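**Student:** Take this structure first; my questions come after.
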Amino acid sequence: MATAETPPKIRIMKGASSDLSAATYQVYDESHTMGNALRWMIMKNPKVEFCGYSVPHPSEPNIQIRIQMYDNLSSLQALIKALDDLDNLCDTINEAYTESLQSDEYERWDEKS
Amino acid sequence: MNVNSRRLVSIGAERVSHVSNTEFPGHYPGEDHSWNLDSFKKNLTVRTHRLSQRSIEFDIIGIDASIANAFRRIMIAEVPTIAIDQVYVFDNTSVIHDEVLAHRIGLVPLNVDPRTMDGWDGEGDTPTDRNTLEFRVNVRCSFNPEYHNNTDKKGKSSTTTTTTSGSPVQGLSDDKLYTNYLFLSKHFEWNPAGEQLDKIKPLPPLGALNPEVVLAKLRPGQAVEMVLHARKGVGKDHAKWSPVATASYRLHPNIVITKPIRMERAEDFRACFADGVVVVDKKKGTVSISPTHMRNDTVSREVLRDPEFRDSVELSRIRDHFIFEVESESAYRPEELLGEAIGVMRDKIARMREAAVALLGSEQTEPEEREDGDVLMQEVV
Numbered sequence: 001m002a003t004a005e006t007p008p009k010i011r012i013m014k015g016a017s018s019d020l021s022a023a024t025y026q027v028y029d030e031s032h033t034m035g036n037a038l039r040w041m042i043m044k045n046p047k048v049e050f051c052g053y054s055v056p057h058p059s060e061p062n063i064q065i066r067i068q069m070y071d072n073l074s075s076l077q078a079l080i081k082a083l084d085d086l087d088n089l090c091d092t093i094n095e096a097y098t099e100s101l102q103s104d105e106y107e108r109w110d111e112k113s
Numbered sequence: 001m002n003v004n005s006r007r008l009v010s011i012g013a014e015r016v017s018h019v020s021n022t023e024f025p026g027h028y029p030g031e032d033h034s035w036n037l038d039s040f041k042k043n044l045t046v047r048t049h050r051l052s053q054r055s056i057e058f059d060i061i062g063i064d065a066s067i068a069n070a071f072r073r074i075m076i077a078e079v080p081t082i083a084i085d086q087v088y089v090f091d092n093t094s095v096i097h098d099e100v101l102a103h104r105i106g107l108v109p110l111n112v113d114p115r116t117m118d119g120w121d122g123e124g125d126t127p128t129d130r131n132t133l134e135f136r137v138n139v140r141c142s143f144n145p146e147y148h149n150n151t152d153k154k155g156k157s158s159t160t161t162t163t164t165s166g167s168p169v170q171g172l173s174d175d176k177l178y179t180n181y182l183f184l185s186k187h188f189e190w191n192p193a194g195e196q197l198d199k200i201k202p203l204p205p206l207g208a209l210n211p212e213v214v215l216a217k218l219r220p221g222q223a224v225e226m227v228l229h230a231r232k233g234v235g236k237d238h239a240k241w242s243p244v245a246t247a248s249y250r251l252h253p254n255i256v257i258t259k260p261i262r263m264e265r266a267e268d269f270r271a272c273f274a275d276g277v278v279v280v281d282k283k284k285g286t287v288s289i290s291p292t293h294m295r296n297d298t299v300s301r302e303v304l305r306d307p308e309f310r311d312s313v314e315l316s317r318i319r320d321h322f323i324f325e326v327e328s329e330s331a332y333r334p335e336e337l338l339g340e341a342i343g344v345m346r347d348k349i350a351r352m353r354e355a356a357v358a359l360l361g362s363e364q365t366e367p368e369e370r371e372d373g374d375v376l377m378q379e380v381v
């Protein structure tokens, strides 16, 4: 296979402001799965003026996330914060789910295959 | 059940409204909706409802649709499983073409725990005992001499051998007339290599999850001989690697009776909903909604077609109450799938974070212009 080297995971697209207070990030090998979850978490940040994502083409494995910040803050920092928060959220749900499985108050039934 | 109207998706006869969550910072004056882990923990409820050896139903209450959807998508497309990926055909005289048979074989779910194997890196990778399992297939169909007239069972003449048929006894089923007339998934014979036997010892013999999958039908003289290579992969590459039969969620229905229902029409009202949702108490003369059975309603809106009932009931769904129904069709037990999906999600987050932090570090360096005109980093003052 004559594949070129894999593209960088995250690329800042042309047209970003010099202080990165408004930028579009192209993320390689991601889809709606991460795009929408991350968009939601970034929008939970009060310092974010705007956030949106798109899948530019269905047969390209990329998503683009646009972030615009208030007060000339760094959108890259907001992205990293959102990733951290999303990780905490996942951990919290996993803990709650494990506990629910062990609490043992649910119906167990025999399903024929 | 009294639910905060902000959590409800309204359902009218012809339209669905208030679909999107609006709890973002700046949307409601004087309210803080910025991300807060502690209040998220407080509002989050995860409840398991039903569990069998093949499927699970659980509720996650207090998350956004984007998160629920991420878990659903990952369970379908990104939790790895093992499936047969390469088929080497030495002999196939069945009526099923090689490529069709290979495709069918690939779709058979295997009982191999994906966590015991390494991933496959694509075309350039070399097969080792860590990333590849080998199965052999050797099925040959022949006449069952017992039930053919040549065997003289019924006292008739016997001139034929087992490779050329005598006239078969009429009215007998295939399994009596022939041996090996079916190529089944139980014919996959695991051929352990390297350290596999030690590593995967406590498991039952490796092979198909369901031994009775019919892959081809054979007739005497036909045979299938193959070597199969099973590898780890994910559902987004091919559906055969998807660990679930279905993984879906729906929102919890919410039904509120706003005006009393006349007793004479109580039975009609009850019939508008799923079984058990409406409780008619003839002694007290009341019609009410069962809070426990409400989750079973299909929200068919049948009730809104009746002019009398239309204004007596409010239908909605709870926007942050997700009822997940997951059926495992893999070596994972159904209750393990959400945990695996969360693990995959956290891996994705970690990989993105690493890349983002690396960008942060390179912020001070010279901007690099790529051939396609995209600027990797803008100049920083």
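Chains as they are written, first to last, in full-length UniProt numbering: chain R, 1 to 113; chain D, 1 to 381. Ideal placement from N, C-alpha and C gives every residue a C-beta, glycine not left out. Just so you know, these numbers come straight off a predicted model, no measurement behind them.
With 16 other CB atoms within 10 Å as the buried threshold, where does E335(D) fall?
**Tutor:** E335(D) comes out buried.
**Student:** Let me check understanding here. Comparing Cα to Cα, which of Y53(R), Q77(R), P46(R) lies closest to T24(R)?
**Tutor:** Checking every option, the nearest Cα to that of T24(R) belongs to Y53(R).
**Student:** Measuring CB to CB, does L360(D) end up less than 8 Å from I12(R)?
**Tutor:** Result no, Cβ atoms of L360(D) and I12(R) do not sit closer than 8 Å.
**Student:** Among P29(D), L107(D), Y28(D), R15(D), whose alpha-carbon lies nearest the alpha-carbon of H238(D)?
**Tutor:** Nearest of P29(D), L107(D), Y28(D), R15(D) to H238(D), Cα basis: L107(D).
**Student:** Please list, in chain order, all residues of the same chain as T45(D) whose beta carbon is under 8 Å from its beta carbon, the five residues on each side excluded.
**Tutor:** Once the five neighbours on either side are set aside, the close Cβ partners of T45(D) are D59, I60, I61, G62.
**Student:** Compare the C-beta of I12(R) with all C-beta atoms of chain D and state if any pair is closer than 8 Å.
**Tutor:** Taking Cβ atoms only, chain D reaches closer than 8 Å to I12(R), which makes this a yes.
**Student:** Taking the DSSP output, what are the residues bridged to Q86(D)?
**Tutor:** In DSSP, Q86(D) forms a bridge with H229(D).
**Student:** By alpha-carbon positions, which one of I67(D), M75(D), I82(D) ends up nearest to A331(D)?
**Tutor:** Checked all of I67(D), M75(D), I82(D); the closest Cα to A331(D) is I82(D).
**Student:** L86(R) and M255(D) - do their beta-carbons sit closer together than 8 Å?
**Tutor:** For clarity, residue 255(D) is Ile in the given sequence; the question names Met instead. Result no, Cβ atoms of I255(D) and L86(R) do not sit closer than 8 Å.
**Student:** Measuring CA to CA, which of R7(D), W35(D), V313(D), E57(D) is closest to A247(D)?
**Tutor:** Minimum Cα distance to A247(D) is reached at E57(D).
**Student:** Y106(R) versus chain D: which residues are under 7 Å apart at the beta carbon?
**Tutor:** What Y106(R) touches in chain D: T48, H49, R50, L51.
**Student:** Taking the beta carbon of Y88(D) as the centre, do at least 16 other beta carbons fall within 10 Å, making it buried, or is it exposed?
**Tutor:** Classification for Y88(D): exposed.
**Student:** What three-state label does DSSP hand Q26(R) in the structure shown?
**Tutor:** Correct three-state label for Q26(R): strand.
**Student:** So which residues on chain D does L101(R) lean against when the C-beta distance must stay under 7 Å?
**Tutor:** Those within 7 Å of L101(R) in chain D are T48, E335.
**Student:** Going by DSSP, name the residue or residues bridged to Q102(R).
**Tutor:** Bridge partners of Q102(R): none, in fact.
**Student:** Distance check for A216(D) and N92(D), CA to CA, integer angstroms please.
**Tutor:** So the alpha carbons of these two residues sit roughly 10 Å apart.
**Student:** Take K112(R) as the anchor and find which of P29(D), E14(D), F322(D), S55(D) has the nearest alpha-carbon.
**Tutor:** Nearest C-alpha to K112(R): S55(D).
**Student:** Look at the alpha carbon of Y181(D) and the alpha carbon of W40(R), and state the distance between them as a whole number of angstroms.
**Tutor:** Taking the straight line from one Cα to the other gives about 56 Å.
**Student:** List the whole-angstrom C-beta distance separating K199(D) from T116(D), where the pair is believed to meet the contact cut-off of C-beta under 8 Å.
**Tutor:** Confirmed, about 6 Å.
**Student:** Taking only the alpha-carbon atoms, compute the straight-line gap between V27(R) and E354(D) and give it to the nearest angstrom.
**Tutor:** Rounded to the nearest angstrom, the two C-alpha atoms are 12 Å apart.
**Student:** Identify every residue that forms a DSSP beta bridge with G52(R).
**Tutor:** Its beta-bridge partners are R66(R).
**Student:** Can you find the residues in the same chain that come closer than 7 Å, C-beta to C-beta, to Y70(R), ignoring five residues on each side of it along the sequence?
**Tutor:** Result list for Y70(R): K47, E49, in chain order.
**Student:** Give a yes or no on whether 8 Å exceeds the smallest Cβ distance from D87(R) to chain D.
**Tutor:** Chain D contact via Cβ: present.
**Student:** Roughly how many whole angstroms lie between the Cα atoms of P211(D) and P205(D)?
**Tutor:** Using only the alpha carbons, I get a separation of about 12 Å.
**Student:** Does DSSP put L133(D) in a helix, in a strand, or in coil?
**Tutor:** L133(D) falls in the strand class under three-state DSSP.
**Student:** Output yes or no for whether 8 Å exceeds the beta carbon distance between A245(D) and M75(D).
**Tutor:** Cβ atoms of A245(D) and M75(D): not closer than 8 Å.
**Student:** Measuring CB atoms only, is the segment 74-93 of chain R touching the segment 31-38 of chain R, in the sense that at least three cross pairs come out at less than 8 Å?
**Tutor:** Touching, yes, given that three or more Cβ pairs across the two stretches are closer than 8 Å.
**Student:** If you measure from the beta carbon of G339(D) to each beta carbon in chain R, is any gap under 8 Å?
**Tutor:** Yes, because at least one Cβ of chain R sits closer than 8 Å to the Cβ of G339(D).
**Student:** Any Cβ of chain R within less than 8 Å of the Cβ of W35(D)?
**Tutor:** Chain R contact via Cβ: present.
**Student:** When Cβ atoms are compared, which residues of the segment 181-212 of chain D fall closer than 8 Å to chain R?
**Tutor:** So the close ones are N210.
**Student:** Would you mind telling me which residues of chain D sit closer than 9 Å to P110(R), beta carbon to beta carbon, in chain order?
**Tutor:** Here residue 110(R) is Asp; the residue named in the question, Pro, does not match the sequence. Going along chain D in sequence order, the residues near D110(R) (Cβ under 9 Å) are S52, Q53.
**Student:** Buried or exposed: V381(D), going by 16 or more other Cβ atoms within 10 Å of its Cβ?
**Tutor:** Per-residue confidence for V381(D) stands at a pLDDT of 41, beneath the threshold of 50, marking its modelled position as unreliable; the derived number appears in the next sentence. So V381(D) ends up on the exposed side.
**Student:** Got a sec? Which residues, its chain only, sit under 8 Å from V9(D) by beta carbon, not counting five neighbours each side?
**Tutor:** Result list for V9(D): V16, S17, H18, V19, L251, S316, R317, I318, R319, in chain order.
**Student:** For residue 384(D), report the span of its alpha helix (DSSP H) as first-last.
**Tutor:** Examination of residue 384(D) is not possible in this model, given that chain D is present from 1 through 381 alone.
**Student:** Go ahead and label L197(D) buried or exposed: buried means 16 or more other beta carbons lie within 10 angstroms of its beta carbon, across all protein chains shown.
**Tutor:** So L197(D) ends up on the exposed side.
**Student:** Using the three-state DSSP reduction, which class does A331(D) fall into: helix, strand or coil?
**Tutor:** DSSP places A331(D) in coil when its eight states are reduced to three.
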